[in-house]
Amino acid sequence: DVKVTQSSRYLVKRTGEKVFLECVQDMDHENMFWYRQDPGLGLRLIYFSYDVKMKEKGDIPEGYSVSREKKERFSLILESASTNQTSMYLCASSSTGDKDTQYFGPGTRLTVL
Amino acid sequence: LAKTTQPISMDSYEGQEVNITCSHNNIATNDYITWYQQFPSQGPRFIIQGYKTKVTNEVASLFIPADRKSSTLSLPRVSLSDTAVYYCLDRQGGSYIPTFGRGTSLIVHP
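In the order they appear, the protein sequences are chains C and F.
Residues in the first sequence are numbered consecutively from 3, following the working numbering.
Residues in the second sequence are numbered consecutively from 9, following the working numbering.
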C-alpha cells in the first residue's frame, strides 16, 4: 500500500518560532509537493520538488522554504512563524511519468499563537 | 480570467446522478485533467483522469469536450458516503505548476 506520511497531525507553535514540517513517501516518487489548505481557498501550492536538492516555487512561497536532501523526504520550513500561517498543510508525491496522480499525506493542522 | 473554477457546493439525494463541472480557462495543451475526492480529516485522493472525450472507471465518469475548456465529473447513483469535497486539477498554459480548483462540497442527503 502506497504511503505518504507527515510528522505530525496537529502542531501548536508561537509567533516567531521556527517550524519544521516533515513528509516522507515510500513510493520512490521523483515529485513532491507542499500545499496549504484554507476554507474557501482550496489547495494552494507552496513549493514543489522534482528531484533531490531541486525546488520550485509554487503560488504562495512567501514565508516558507523547503529542503529535499533525500528522495523520500521533503521538508517545509517556516523560518519565523506568523499567525497568518495557521492552516492545514498537505504533502503529496507523484511519479514523473504520471505527474498529476498525486498521493497525499493526512495533513498537519498547524496553529500559530 | 479565473484559472480553474468550480461550484462551491452542491446538494443531492441518495440514488441520484451528480455532475460537477470545472472550467479550465487556460489549460496547458498537452496536460491531463484530474479529479480528487477529499473526506474530512484526510488528504485528497485520486478519482479519475482524462485528456479528451469520456473516461469511466469503477468510481466515476469524466467528460471532456473537444475544446477542453471544461470537464464534468459524473457520479452515478450517489450514496451518503459520497459526501465529500471534490477538486479538479489542471496545469495552466506555459506552467509546470499544478493548479487545483477551490473545491466543490457535495452533500448527499438520505
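Cβ atoms here follow ideal geometry from the backbone N, Cα and C, with glycine treated the same way.
Pairwise C-alpha distance: residue j and residue i
i, j, result
"glycine 60(C)", "leucine 92(C)", "14 Å"
"lysine 20(C)", "leucine 80(C)", "6 Å"
"leucine 78(C)", "glutamate 71(C)", "12 Å"
"asparagine 34(F)", "threonine 61(F)", "18 Å"
"proline 52(F)", "glycine 18(C)", "30 Å"
"arginine 85(F)", "glutamate 25(F)", "5 Å"
"tyrosine 37(C)", "valine 6(C)", "14 Å"
"arginine 11(C)", "serine 79(F)", "33 Å"
"glutamate 24(C)", "glutamine 87(C)", "16 Å"
"phenylalanine 71(F)", "threonine 64(F)", "9 Å"
Proximity winner among the options, relative to residue i (alpha-carbon distances)
i, options, result
"serine 95(C)", "Ser84(C), Thr85(C), Ser51(C), Val114(C)", "Ser51(C)"
"lysine 77(F)", "Ile16(F), Thr37(F), Ile55(F)", "Thr37(F)"
"proline 118(F)", "Val63(F), Asp90(F), Ser31(F)", "Asp90(F)"
"alanine 92(F)", "Val67(F), Thr112(F), Ser82(F)", "Thr112(F)"
"aspartate 75(F)", "Ser31(F), Ser17(F), Met18(F)", "Ser31(F)"
"arginine 110(F)", "Gln8(C), Tyr105(C), Leu115(C), Gly42(C)", "Gly42(C)"
"proline 48(F)", "Pro108(C), Ser84(C), Tyr49(C)", "Pro108(C)"
Cross-strand partners of residue i (DSSP beta bridge)
i, result
"tyrosine 105(C)", "Ser95(C)"
"threonine 13(F)", "Ser31(F)"
"glutamine 8(C)", "Cys25(C)"
"proline 106(F)", "Arg99(F)"
"methionine 34(C)", "Ser51(C), Ser95(C)"
Any chain D beta carbon closer than 9 Å to residue i
i, result
"lysine 5(C)", "Looking for chain D here will not work: the only protein chains present are C and F."
Using 8 Å as the Cβ pair cut-off and three pairs as the minimum, do the stretch 35-44 of chain F and the stretch 91-108 of chain F touch?
yes
Is there contact here, the stretch 86-104 of chain C with the stretch 20-33 of chain C, by at least three beta-carbon pairs under 8 Å?
yes
Taking only runs that begin and end inside the stretch 63-95 of chain C, name each unbroken beta strand (DSSP E) of 3 or more residues, in chain order.
67-72, 75-80
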